[in-house]
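Let me begin by presenting the structure, written as structure tokens, before commenting on it.
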Amino acid sequence: MQNHSRSFSFALRLSALFLLAAPLAACGDDPPAGPGPIPLDALRDELATATCELNVRCGLSPDKATCEATQGDAQETLQLLTDAVLGRVTYDEAAGRACVEAIRAHACDTRASALKAVTDACAGMFVGTVPEGQACLLAEECAGDSTCDTSMCMGGGVCCLGVCAKRPALVAVGGDCTTNPCVASAYCDQSAMPFTCKARKDNGEACDAVDQCKDGMRCDVGGNPQTCYLLQEHGGQCNPALAQGACIRFDDYCHPTDRKCVQLPGDGQPCTMDDECVQYAFCDNGTCKRRAIEGEACMDSNNCLGTLRCDEMVCTMRPSNEVCAF
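This is the structure:
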């Protein structure tokens, strides 16, 4: 039986990534739609709406109202909006629009290239003004090709200051990746010291870790033999025995009898285990059941929707994030 935990993890990571730039606004009228640049004071609502549209379309939330009610503010976003006012970053209104439209266009795709298309579109929204050697909290605050080095902040809390420093160069195939990451076409082989960047494996080639295969492929870890295989599009033929999942979309699974990538069952539909339900639901005695909203009972935070947490067996909103002053 395939395990969709990787897809669920990816889905949550994807949603969280967009929410870094888009804390959900309070319920109310949608922000005015339009293709033009987005002013800073409208960015939060525009991104929130696009992100909830994505969450509903990709099965992370049952509907827009529930999405809005179960997402809390992201600390990084609050910080960047404050930074823009204080001049630690500059905000590009046209890039804000490009980011919103990229989120709207995302196809619930697990491939790194699909995620990169969104992150690239959103990367130009905030441009840092803090020079190298000066204090920072986020990479976006640093000017030019520098990033915020927070390596000294282990356990130091969200307001622990880093320092703007030159961004580490990506390591090419054959290079030492003990301290710096590899280029996208390579993975870091940690089987011997020093660690070495090696080219990602192709379909049918031997592998021993999920991240060793090319984009759009996955390693059949635990298989015999362990080889890279192609993920399938919606409706494509698939192998339900693949433990790492068989489908490109994170709202699909490989149907055990039809052997095709189909949409995960939704609330009220039959299931046999948790990872055979759409992401906003879990399998409860053979039926997919929506995860709990605020005020409903829970056993742990996995039972709660969005960013809600299980506190004393009740789903509650997490405390508001703080904005750091320095």
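Residues -21 to -1, 1 to 305 (mature numbering (1 follows the signal peptide of the UniProt record, and there is no 0)) are what the sequence shown spells out, left to right.
For every residue, glycine included, the Cβ atom is placed at its ideal position computed from N, Cα and C.
If you're wondering where the values come from, they're calculated on a predicted model, not measured in any experiment.
How would you call residue i, buried or exposed, if buried means at least 16 neighbouring beta carbons within 10 angstroms?
| i | result |
| --- | --- |
| A84 | exposed |
| G305 | Rather than Gly, the amino acid found at residue 305 in this sequence is Phe. Looking at its Cβ environment, which holds fewer than 16 other Cβ atoms inside 10 Å, F305 is exposed. |
| C139 | exposed |
| residue 306 | Residue numbering for the chain in the displayed model covers -21 to 305; residue 306 lies beyond these limits and cannot be assessed. |
| A151 | exposed |
| S125 | buried |
| P16 | exposed |
| G247 | exposed |
| L65 | exposed |
| V137 | exposed |
| A114 | exposed |
| T236 | exposed |
| D290 | exposed |
| A(-1) | Reliability fails at A(-1), whose pLDDT of 39 lies under 50, so the model's placement of it is uncertain and no value is given. |
| G141 | buried |
| A148 | exposed |
| A185 | exposed |
Taking 7 Å as the threshold (C-beta atoms), are residue j and residue i in contact?
| i | j | result |
| --- | --- | --- |
| L209 | D230 | no |
| R228 | C87 | yes |
| A276 | M296 | no |
| C294 | A260 | no |
| C226 | C240 | yes |
| D181 | Q205 | no |
| A258 | L39 | Checking the sequence shown, residue 258 turns out to be Gln, not Ala. Their beta carbons are under 7 Å apart, which means Q258 touches L39 by this criterion. |
| C167 | C156 | yes |
| A122 | P110 | yes |
| L26 | V79 | yes |
| A29 | I82 | yes |
| L19 | A63 | yes |
| R269 | P41 | yes |
Closest to residue i by C-alpha separation, out of the options, would be which residue?
| i | options | result |
| --- | --- | --- |
| T158 | T175, A144, S164, V152 | T175 |
| L94 | A220, G195, D290, L116 | G195 |
| G285 | E111, G123, Q191, G51 | G51 |
| E255 | R238, H234, E120 | H234 |
| G154 | K145, P173, G136 | P173 |
| N203 | T266, G214, L221, D190 | L221 |
| R288 | T49, T30, A44 | T49 |
| R238 | G265, G214, C250 | G214 |
| R146 | T251, G112, R269 | G112 |
| T266 | C37, M252, V189 | M252 |
| D24 | E47, P14, E184 | E47 |
| A178 | P219, S170, C161 | C161 |
| P14 | R76, A91, C250, E120 | R76 |
| S170 | A163, Q191, T30 | Q191 |
| A91 | G245, A185, S164 | S164 |
| V35 | Q223, T236, L19, G245 | G245 |
| C31 | Q223, C250, T45 | T45 |
| N264 | E184, E273, P249 | P249 |
| Q223 | C217, V189, T98 | V189 |
Indicate the three-state DSSP secondary structure (helix, strand or coil) for residue i in the structure shown.
| i | result |
| --- | --- |
| V152 | coil |
| Q216 | strand |
| S299 | coil |
| A1 | Bear in mind that the predicted position of A1 carries a pLDDT of just 41, short of 50, making it unreliable; the figure below should be weighed with that in mind. A1: coil per DSSP, three-state reduction. |
| R36 | helix |
| M131 | helix |
| Q113 | coil |
| T98 | helix |
| L287 | coil |
| Q248 | coil |
| L59 | helix |
| A276 | strand |
| V79 | helix |
| Q223 | coil |
| Q211 | strand |
| Y28 | A small correction: the amino acid at residue 28 is Thr; Tyr does not occupy that position in the sequence shown. In the structure shown, T28 sits in a helix (DSSP, three-state: H, G or I). |
| S125 | strand |
| N(-19) | For N(-19), the pLDDT reaches just 47, beneath the cut-off of 50, and the residue's location in the model is therefore unreliable, leaving the point undetermined. |
Is residue i close to chain C? Criterion is C-beta to C-beta, closer than 7 Å.
| i | result |
| --- | --- |
| C192 | In the structure shown, chain C does not exist; there is a single protein chain. |
Any 3 or more C-beta pairs closer than 8 Å across the stretch 42 to 60 and the stretch 290 to 300: yes
Touching by the beta-carbon criterion (3+ pairs, under 8 Å), the stretch 65 to 73 and the stretch 90 to 108: yes
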